[in-house]
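See structure below.
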Amino acid sequence: MSTEPTASAATTASPSGEAVVGVPGQEPERARRRGPGRNLPAAIAVGVGLGALLMVAVFVLPQAFPVVAAIAMVLAVLELTRALAHGGLELPAVPLLVGVIGMVVTTEVFGAEGLLVSTAAAVCVL
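Numbering (the UniProt record's numbering), first residue to last: 1 to 126.
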């Protein structure tokens, strides 16, 4: 029995810790390392900015909170419809947008009962 390496591909670790796939007689090929795909400092800055906007809307100018909530909900619905369309599921954006804005308005005017009724109406429309 021989302890020499066989002619099949061998995997070793490079000094940087990446996997290196080697084939005898060829240059080693580095394995791809996938990162998070986001710019972390920019994501942190956006998160802190949105948190500050929310705190100002809640504590300094409470009348602005429903507007901030409506804008956030509209952006969320647009993002969701875009993502679902990318996956092959088409949703009507206009009824969804009318529904979320109606939820904010009726909650501000009528409280929890308004939210319940507007949510039920939006579900029935869709």
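Ideal placement from N, C-alpha and C gives every residue a C-beta, glycine not left out.
{"Check": "Tell me where the alpha helix (DSSP H) around Leu54 begins and ends.", "Outcome": "Leu40 to Met55"}
{"Check": "Are the CB atoms of Leu53 and Val67 within a distance shorter than 8 Å?", "Outcome": "no"}
{"Check": "Is Leu97 near the ligand COA - that is, is its Cβ less than 7 Å away from at least one heavy atom of it?", "Outcome": "Among the components of this structure there are no ligands whatsoever, and the ligand COA is therefore not found."}
{"Check": "Rounded to a whole number of angstroms, what is the C-alpha to C-alpha distance between Pro92 and Glu79?", "Outcome": "13 Å"}
{"Check": "Just the C-alpha distance for residue 135 and Leu50, rounded to the nearest angstrom, thanks.", "Outcome": "Residue 135 falls outside the range modelled here, since the chain spans only 1 to 126, and no answer is possible."}
{"Check": "Could you tell me whether the segment 115-123 touches the segment 93-103, using the rule of 3 or more Cβ pairs below 8 Å?", "Outcome": "yes"}
{"Check": "Whole angstroms is fine: what's the gap from Val117's alpha carbon to Leu126's?", "Outcome": "14 Å"}
{"Check": "Does DSSP put Leu97 in a helix, in a strand, or in coil?", "Outcome": "helix"}
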